[in-house]
Amino acid sequence: MEIIMSVAIGFLFMAAVYLMLSKSLIRIIIGTGLLSHGAHLLLLTMGGLGGNSPPVVSHGVSVSDYADPLPQALILTAIVISFAVTSFFLVLAYRSYQELGTDNMNLLRGTEDYE
Amino acid sequence: MSNLLLFPIIIPLFFATILMIFPKNIKLQRVLAVVGTGFTLLFALVLLAKVNADGVQAVTLGSWPAPFGISMVSDPLSALLVVTASLLVLFVIFYSIPIIGVKREQSFYYPGILFLMVGVNGAFTTGDIFNLFVFVEVLLMASYTLIVHGGEKPQLRESIKYLLVNIISSALFVAAVAFLYSVTGTLNMADLAVKIPQIEETGILTVIAVMFLVVFGFKAAIFPLYFWLPGSYYAPPIPILALFGALLTKVGVYAIMRTYTLFFTMNVGFTHELLGIIAILTILAGCVGALAYFDVKKIIIYNIIIAVGVILFGVAQLNQPGIDGSIMYLIHDMMIKAALFFLVGIIAVLFGTTDLRKMGGLIKTYPVLGWVYLLTAFGLAGIPPLSGFPGKLLIIQGGFEGPQFWGSIIVLATSLVVLLSAVRIFIYAFWGQPVETVPLQKSTFNQMFIPTVILVAMTVVFGVGAELFMPFISGAGEVLLNPSIYIDAVLKE
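From first to last, the protein sequence lines are chains A and B.
The numbering of the first sequence is the numbering used here, which starts it at 1 and goes up by one.
The numbering of the second sequence is the numbering used here, which starts it at 1 and goes up by one.
Below, the structure written as structure tokens:
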């Protein structure tokens, strides 16, 4: 299972890098979304996928049967943060498309030639 | 257990929330922003006194015992930085009032600053590496809104890049935390410091340490990762620039300082030498930029990068003078960068441009401004009695005692470049043929100039009275060099 997850995470990172290298701003935003998904899945996988019982103390369940609750708490926080950042980025992209009239990163580059 | 160390985080949060209710009432916005920051500063000072008297303070949220819950820890270093950050936010608010403009003030400018303060103070105080990520995201979120605040074209253009770089570094942060968790099974910094020495495979830990260096390096703008900073910091107005220059990169520097002294010490020969080399390269890259531009903002922005290099060079030495010097230089740099940006802002407003070649002769009409600027420039470069000197002296001493004595020579040599770059502004703006200045109301000028002068006076006091502050500094350095003090304080709670 961990192997499959690793492959999935690697694929997500790959797709994210590919999308972020493109010119279109919306593709870049989708790329950042995929990148954070990859990071979240990595967090879950690194905590270990084992454990069949929920992390609640009960009779007849030994420590090794519990699922590790911490990665899930962490991933929840990280998902909320990436959700907020992505929505901010979408609004920013829309606003800059309105003001600057382009979503092509090639036309947005450079730091010196402000109009 | 005392909850005192949570106040510098909760108070700005509380006031920012209140301020969001009535964005149009500017007078109340200003008053409440100042009051909130003032209270924060007050509690930060009380906290500093308490930490200095009673040792490291720790709170575990929800009373979960230390390795399981989230710990907030205030050691002398974080208390000092919280005090400095709160002080600077107060000055930035005073400086913003005349210059930032009604339109910005009416659209959540002060709440943005206060939320930024929540993130900065939280990042300085937290004792849990994932919680550090959360607070860094809080301050980044506030910084995204501030950098684009006002929505001018260059701001929109640069904030896209700023946002993109920070999202990538945040994803890397989560990945690095994941790796660290899989190796150690804990995220509490004190517990990490206990567990990491017990792990025998130092190879994977070294990889994780370098990953964290990359993540924090994005925030701190170290050598290859500083490319986003000059462009992004150029776009927002001066008060926001001063806030960013003084606080944001310093959070990254603090995080490197904390992790590289507390728990990533298993392979010092590799990680700290790498850090030292990167620090030197950062200084050199910053020097090239500081000399290359004829733009007052750009010159000071590149000086931020130089200072980051100097501080991290001291950290990389991992000996007592090096660490003490880094702490002193860190605090000095936060204050002097804010002061310099304030002064440069006044100069830019007076000339109506930031281009050095279109300036000249200001010393005839504004002599006091000129001398204050020169004093600040000398402080930046570390001319003896001023505040840059004691920190830099200790860092250089640390370098000579440590393995990288050649680095100290470079730090010494580049001080001259820093002096040259700062004095160049003085020569172009204050000497030469007088250029017509934009008429500025006396009261507006005073409102901008008085906070600046007070801040400059504070940096002078910090430099001349370095002996007075030395107990605080060496107390902070002692905790960094003996992680056992930190570990005991956190895990005993």
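Just so it is clear, CB atoms sit at the ideal spot from N, CA and C, and this is done for glycine as well.
Within the DSSP secondary-structure output, residue 106/A pairs in no beta bridge. Following the DSSP letters along the chain, one finds residue 120/B inside the alpha helix (DSSP H) bounded by residues 109-125. Excluding the 5 residues flanking it on each side, residue 86/A has same chain C-beta neighbours closer than 8 Å at 29, 32, 33, 36, in chain order. Residue 483/B and residue 193/B have their C-alpha atoms spaced approximately 8 Å apart. Interface with chain B (7 Å Cβ-Cβ cutoff): residue 46/A is included. For residue 137/B, at least one C-beta of chain A is nearer than 7 Å to its own C-beta.
Taking a contact to require three or more Cβ pairs closer than 8 Å, the region 334-343 of chain B and the region 376-384 of chain B qualify as touching. Within chain B, the residues 151, 153, 156 have their CB atoms less than 8 Å from the CB of residue 99/A, given in chain order. Within the region 50-83 of chain A, no run of alpha helix (DSSP H) reaches 4 residues while sitting entirely inside it. Among the residues facing chain A, residue 178/B is included, as its CB has a counterpart in that chain under 7 Å away. Contact between residue 332/B and residue 421/B does not hold, since the beta-carbon distance rounds to 17 Å and is not under 8 Å. Against chain A, the beta carbon of residue 82/B has no neighbour under 7 Å; the closest one sits roughly 23 Å away. Annotated three-state conformation of residue 25/B is coil, per DSSP. Within the same chain, and ignoring the five residues on either side of residue 209/B in sequence, the residues whose Cβ sits closer than 6 Å to its Cβ are 264, 271.
When C-alpha distances from residue 487/B are compared across 58/B, 471/B, 424/B, the shortest belongs to 58/B.
Taking a C-beta distance under 7 Å as the contact criterion, residue 315/B and residue 266/B do not qualify as a contact pair. Contact between residue 8/B and residue 86/B holds, with the beta-carbon distance rounding to 6 Å and staying under 8 Å. Check the Cα spacing between residue 250/B and each of 165/B, 366/B, 370/B, 121/B: the tightest is with 121/B.
Within the region 394-427 of chain B, no run of beta strand (DSSP E) reaches 3 residues while sitting entirely inside it. What residue 85/A touches in chain B, judged by beta-carbon distance under 9 Å, is 137, 140, 141, 144, 163, 166, 167, 170, going in chain order.
Per DSSP, residue 435/B lies in no alpha helix (DSSP H) and is assigned neither H nor E. For the pair residue 12/B and residue 81/B, the CB atoms are not nearer than the 7 Å cut-off. With distances taken between CA atoms, residue 212/B lies nearest to 176/B out of 176/B, 198/B, 190/B, 232/B. Scanning 223/B, 462/B, 55/B, 171/B for the CA closest to the CA of residue 489/B turns up 55/B.
Cβ-Cβ distances below 8 Å link residue 156/B to 148 in the same chain, with the five nearest sequence neighbours on each side left out; the list follows chain order. Within chain A, the residues placing a beta-carbon under 7 Å from that of residue 159/B are 92, ordered along the chain. In the same chain as residue 73/B, and ignoring 5 residues on each side of it, the C-beta atoms closer than 6 Å to its own belong to 58, 127, 490, in chain order. Using a Cβ-Cβ distance cut-off of 8 Å, the region 360-371 of chain B and the region 424-436 of chain B are in contact, since at least three pairs of beta carbons, one from each stretch, lie closer than that value. Taking a contact to require three or more Cβ pairs closer than 8 Å, the region 402-411 of chain B and the region 302-321 of chain B qualify as touching.
In the DSSP annotation of this structure, the continuous segment of the beta strand (DSSP E) that includes residue 60/B starts and ends at 57-60.
Note that the region 442-454 of chain B does not touch the region 41-56 of chain B; fewer than 3 beta-carbon pairs, one per stretch, sit closer than 8 Å. When the beta-carbon positions are compared, residue 47/A and residue 71/A come within less than 7 Å of each other. Within the region 23-39 of chain A, contact with chain B at the beta-carbon level (separation under 8 Å) is assigned to 25, 28, 32, 35, 36, 38, 39. Under the Cβ criterion of 7 Å, residue 19/A is not counted among the residues facing chain B. Taking a cut-off of 8 Å on C-beta distances, the region 135-153 of chain B does not touch the region 5-23 of chain A, as fewer than three cross pairs fall below it. Inclusion of residue 222/B and residue 261/B in the CB contact set at 7 Å is not warranted, their separation being larger than that value.
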